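Here the protein sequences come in this chain order: A and B.
Mapping to the working numbering: the first sequence position 399 is 399, numbers consecutive.
Mapping to the working numbering: the second sequence position 165 is 569, numbers consecutive.
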Amino acid sequence: MSKAIIESGNVAAAMAVQLARAEVIAAYPITPQTPVTEKLSELITAGRMDAEYVAVESEHSAMAVCIGAASAGVRAFTATSSNGLLYMSEQLHWAAGARLPIVMCVVNRGIGAPWSVWNDHQDAISQRDAGWIQIFAKDHQEIVDMTLKAFRLAELVHIPVMVNYDGYYLSHTYMPFEPPDAERVDAFLPAYQYKHALSPEHPESLNTVTLPDARLDVQGVKRGGYMDLRHNLHEEMGMAIEVWEEIDRDFQTHFGRGGAPVTDPYRCDDAEVVIVAMGSMANQFRVVVDRLRQDDGIRAGVLALQMYRPFPGAMLARALQSAKHVMVYEKGLSYGSQGALYGDIKSALYPYPSRPQLHNFIVGLGGREIPTESLYQTTKTSCAPDRILPPAQSDVPQWIGLQL
Amino acid sequence: MQQTNDQIIQIRWHGRGGQGAITAAKVVAEAAFRSGYGGAVMAPTFGTERRGAPVTTSLKISRSKIYDLSPITTPDIVVVLDHMILHEVDVTSGLKPGGWIIMNSPRMVKDYSFPGYRTAVANATRLGVEAGLRKGVVNTGIIGALGRASGLIGIDILAETIAEEFSGRNPDANALAARLVYDATLMDDSTTGGPTDA
Numbered sequence: 001m002s003k004a005i006i007e008s009g010n011v012a013a014a015m016a017v018q019l020a021r022a023e024v025i026a027a028y029p030i031t032p033q034t035p036v037t038e039k040l041s042e043l044i045t046a047g048r049m050d051a052e053y054v055a056v057e058s059e060h061s062a063m064a065v066c067i068g069a070a071s072a073g074v075r076a077f078t079a080t081s082s083n084g085l086l087y088m089s090e091q092l093h094w095a096a097g098a099r100l101p102i103v104m105c106v107v108n109r110g111i112g113a114p115w116s117v118w119n120d121h122q123d124a125i126s127q128r129d130a131g132w133i134q135i136f137a138k139d140h141q142e143i144v145d146m147t148l149k150a151f152r153l154a155e156l157v158h159i160p161v162m163v164n165y166d167g168y169y170l171s172h173t174y175m176p177f178e179p180p181d182a183e184r185v186d187a188f189l190p191a192y193q194y195k196h197a198l199s200p201e202h203p204e205s206l207n208t209v210t211l212p213d214a215r216l217d218v219q220g221v222k223r224g225g226y227m228d229l230r231h232n233l234h235e236e237m238g239m240a241i242e243v244w245e246e247i248d249r250d251f252q253t254h255f256g257r258g259g260a261p262v263t264d265p266y267r268c269d270d271a272e273v274v275i276v277a278m279g280s281m282a283n284q285f286r287v288v289v290d291r292l293r294q295d296d297g298i299r300a301g302v303l304a305l306q307m308y309r310p311f312p313g314a315m316l317a318r319a320l321q322s323a324k325h326v327m328v329y330e331k332g333l334s335y336g337s338q339g340a341l342y343g344d345i346k347s348a349l350y351p352y353p354s355r356p357q358l359h360n361f362i363v364g365l366g367g368r369e370i371p372t373e374s375l376y377q378t379t380k381t382s383c384a385p386d387r388i389l390p391p392a393q394s395d396v397p398q399w400i401g402l403q404l
Numbered sequence: 405m406q407q408t409n410d411q412i413i414q415i416r417w418h419g420r421g422g423q424g425a426i427t428a429a430k431v432v433a434e435a436a437f438r439s440g441y442g443g444a445v446m447a448p449t450f451g452t453e454r455r456g457a458p459v460t461t462s463l464k465i466s467r468s469k470i471y472d473l474s475p476i477t478t479p480d481i482v483v484v485l486d487h488m489i490l491h492e493v494d495v496t497s498g499l500k501p502g503g504w505i506i507m508n509s510p511r512m513v514k515d516y517s518f519p520g521y522r523t524a525v526a527n528a529t530r531l532g533v534e535a536g537l538r539k540g541v542v543n544t545g546i547i548g549a550l551g552r553a554s555g556l557i558g559i560d561i562l563a564e565t566i567a568e569e570f571s572g573r574n575p576d577a578n579a580l581a582a583r584l585v586y587d588a589t590l591m592d593d594s595t596t597g598g599p600t601d602a
C-alpha cells in the first residue's frame, strides 16, 4: 500500500528538512514561504525535531546564522522568497565563496516594486550569479526528494544549494506525495562532517583578506589567491552536475524514485518542437504536448530544466540538436535584454552544428494567470511553417498574456 | 510513458473568507485519493481576501497524476457554501453544460432556476447545528451534499476523512453533519431549471 499523503508543498519541504535532521533553522517570515519555517518551528517546539530555531530580525541575519552554523559543522537550513532573498544577497555570495553547504528553499515569488506576493522566477534568476547551485522542483514529490538530495550535494561539493519551487502553484497547493522512510533517509544522508569546523582546539583563519596573488602559507605550501579560489568555485560548480547525477542514482536505489535529476524530458525523443521550462509550468506543458500531438500532429515535447546552476549547457545543446524549434518559456527576464534562460540556451547551442529556431516567451510575471489554452495556442502558432520571422523579430522575448 | 489526458473532474468551491472552503476541499481531496483517485490537487486561489469576502478554491481529481495546476476555468461541479454569494458572484461562470451546482441554502431546490445545469440543495447551516456544531459551521456538512449529488466518493469514506481532519475539533459532530446533509440533499438533475423566481 502506498504511504502517500496529501499535503501542501510547504509542508512537504518542512518534512524533508525534518527528515534531513537539519540542526539549525534560521528564518524570517515572508509570503509564500512562511508556512515552511512555521512548520519547522512547530516540529522543534513539539520535540519532534532536534534542532535550534533561531528567530532573526531579517533575511540577511537568517543567512548569517546559517553561515555561522555551517562553519561550526552544523547542518543548517533556511527558506525565503522574493525581496527576502534579495535582502540576503550579500550573505548568499559569502556563503558560496566560503564554500558552506547550506540548503535553502526559495518559494519563488515576484519582486517589488510594486509589491506582488504571487509567483514568478525573478527572485531566483536575480541571484543566478551568486555561486549557488539552483534546482527547480515541478511537484511536491520533487520538493521532498530534491531537498534531501540537496543536503548531500551541498555537503559533497561544498557549495550551497537553493531548492526552488513555485509560490502558490506548489507552496499552497495540496497534492499527493510519498514522504520517505526516516531510516532510509538516515542511510542515504549521513551526518554532516566538516573538516574545517570552527573549533578552539584547531584555530584557523578563514576568508580573511585574500591577496590577488598566490602565496605560501605558514607551512610553506603554495595557496591560491582570490582569483584561484574563485576559479575553484567555478570548476567545482561544473563538476557538481555529475555529482548530482550520482546522488540521484543512489537515491533511486534507496527510494525507487528519480532518473531525471538535471533535465526531465517528456516525449522529446522524436520531437521537432521542444519546449524548455522550469518548475511547475514544465508539468503543465505535458498536457499541451499531448494535445499538440493528438489534435495537430505536431511532434512536440517538453524538456524540464531541473538544474539551472550549474548550467548543463552541453547536455541541453545535445538534447536539442534534432529539434526544429526550441521554445523557451520563462517567468523572469533580464530587463532590456531577454529571458535569462533563453540567453543561456542560445549560448549553449552556439558551438554545436544544429541551431534550431529559438523562441522566447515571458509568462506569468507576478502571478498573471497562465492558461493552458494560451500555452497551446502560442506554441502552435509559433511553429507554423509559414511563420518565419527575421532575427530582429525572432530574437526578442514575446510577452504572453499582457492585458494592456 | 504516462499520458496526461485522463479525465479530470474539476470542482470549484465558492465560500467566504473564514468559512472553511479550503479545508473542505482538502478533505475531499484526501477522501478522493483514498478512494483510488491517484490524482487529487487542491489549489486555493489567493488574492487579497479578508474574512467574509467571497473566495474560491479549485479541486481537481483524476484516476492518474495531474500535471496541469492552472486554476479551474470550466468546472464540472461548483460547490457554494453560502447561497447569498449568488448575489455577488456568478457561480456558473465556465460551468460545463449539465454541470452540478451544489449549494448550502435554506431554500428548496425548486426555488432555484439554473437552465442547463443540475442543482442540489441542502440546508447545511441548520443540519450542522442539529449535528452539534456551532451555528455557521457548514464546510463539513456541504461535503455530504457533494458526495450525494456527484456520486464520486462514498459517504463513509468522506465521513471518516472528516473525522480525521477534525480530530480534536468535534470530529463526530463534523462527520455527522456530512451524513445528515447527505441524506437531506434534494436534487434537480433535469437541467431544465425549476419554475421560479431565484
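Ideal Cβ placement from N, Cα and C applies to all residues, glycine included.
These numbers come from a predicted model, not from an experiment.
How should residue i be labelled, buried or exposed, when 16 other C-beta atoms within 10 angstroms of its C-beta is the threshold for buried?
{"i": "MET1/A", "result": "Its pLDDT being 38, under 50, MET1/A is placed unreliably by the model, and the measurement read from it follows with that caveat. Classification for MET1/A: exposed."}
{"i": "VAL482/B", "result": "buried"}
{"i": "ASN409/B", "result": "Residue placement at ASN409/B is poorly supported in this model, since its pLDDT is 48, which falls under 50; the coordinates still yield a value, given next. Answer is exposed; the Cβ neighbour count stays below 16."}
{"i": "LEU19/A", "result": "buried"}
{"i": "THR596/B", "result": "exposed"}
{"i": "VAL459/B", "result": "buried"}
{"i": "GLY9/A", "result": "buried"}
{"i": "ALA314/A", "result": "exposed"}
{"i": "GLU155/A", "result": "buried"}
{"i": "MET227/A", "result": "exposed"}
{"i": "ASN527/B", "result": "buried"}
{"i": "GLU690/B", "result": "Summary: the structure shown does not reach residue 690/B, with chain B confined to residues 405 through 602, and so no result is reported for it."}
{"i": "ASN578/B", "result": "buried"}
So is residue i in contact with chain B if we call contact Cβ pairs under 9 Å?
{"i": "GLN393/A", "result": "no"}
{"i": "ALA98/A", "result": "no"}
{"i": "GLN377/A", "result": "no"}
{"i": "GLN252/A", "result": "no"}
{"i": "THR372/A", "result": "yes"}
{"i": "SER116/A", "result": "no"}
{"i": "GLN284/A", "result": "yes"}
{"i": "PRO32/A", "result": "yes"}
{"i": "SER382/A", "result": "no"}
{"i": "SER126/A", "result": "no"}
Against residue i, what residues of chain A qualify as contacts under a CB-to-CB distance less than 7 Å, listed in chain order?
{"i": "PRO475/B", "result": "GLU369"}
{"i": "PHE437/B", "result": "ILE6, PRO176"}
{"i": "PRO448/B", "result": "HIS172"}
{"i": "GLU434/B", "result": "ILE6"}
Distance cutoff 9 Å, beta carbons only. Does residue i sit that close to anything in chain A?
{"i": "GLY442/B", "result": "yes"}
{"i": "ASP593/B", "result": "no"}
{"i": "ILE546/B", "result": "no"}
{"i": "ASP576/B", "result": "no"}
{"i": "PHE518/B", "result": "no"}
{"i": "ILE470/B", "result": "yes"}
So residue i contacts chain A; which residues on that side make the cut at Cβ distance below 8 Å?
{"i": "VAL445/B", "result": "THR173, TYR174, MET175"}
{"i": "LYS430/B", "result": "ILE6, TYR174"}
Can you look up residue i in the DSSP assignment and give me helix, strand or coil?
{"i": "ARG522/B", "result": "strand"}
{"i": "GLN127/A", "result": "coil"}
{"i": "GLN393/A", "result": "helix"}
{"i": "PRO448/B", "result": "strand"}
{"i": "PHE570/B", "result": "coil"}
{"i": "VAL274/A", "result": "strand"}
{"i": "GLY406/A", "result": "Residue 406/A is absent from the model: chain A starts at 1 and stops at 404."}
{"i": "ALA20/A", "result": "coil"}
{"i": "GLU564/B", "result": "helix"}
{"i": "LEU580/B", "result": "helix"}
{"i": "ILE481/B", "result": "strand"}
{"i": "LYS500/B", "result": "coil"}
{"i": "ASP264/A", "result": "strand"}
Look up residue i in the DSSP assignment and give the residues it is bridged to.
{"i": "GLN357/A", "result": "HIS325/A"}
{"i": "LYS149/A", "result": "Looking at the DSSP assignment, LYS149/A forms no beta bridge with any residue, so it has no partner."}
{"i": "ALA79/A", "result": "CYS105/A"}
{"i": "LYS39/A", "result": "Partner(s): none; LYS39/A has no beta bridge."}
{"i": "GLN414/B", "result": "LYS464/B"}
{"i": "SER8/A", "result": "TYR174/A"}
{"i": "GLY443/B", "result": "SER466/B"}
{"i": "GLY419/B", "result": "VAL459/B"}
{"i": "GLN134/A", "result": "MET162/A, ARG309/A"}
List, in order along the chain, the chain A residues whose C-beta lies closer than 9 Å to that of residue i?
{"i": "ALA567/B", "result": "Those do not exist, as ALA567/B stays about 16 Å from chain A at its closest Cβ, beyond 9 Å."}
Please compile the residues from chain B whose C-beta is within a distance smaller than 8 Å of the C-beta of residue i.
{"i": "ASN83/A", "result": "In chain order: nothing, as chain B lies at least about 18 Å away."}
For residue i, which residues in chain B fall below 7 Å Cβ to Cβ?
{"i": "TYR168/A", "result": "PHE450"}
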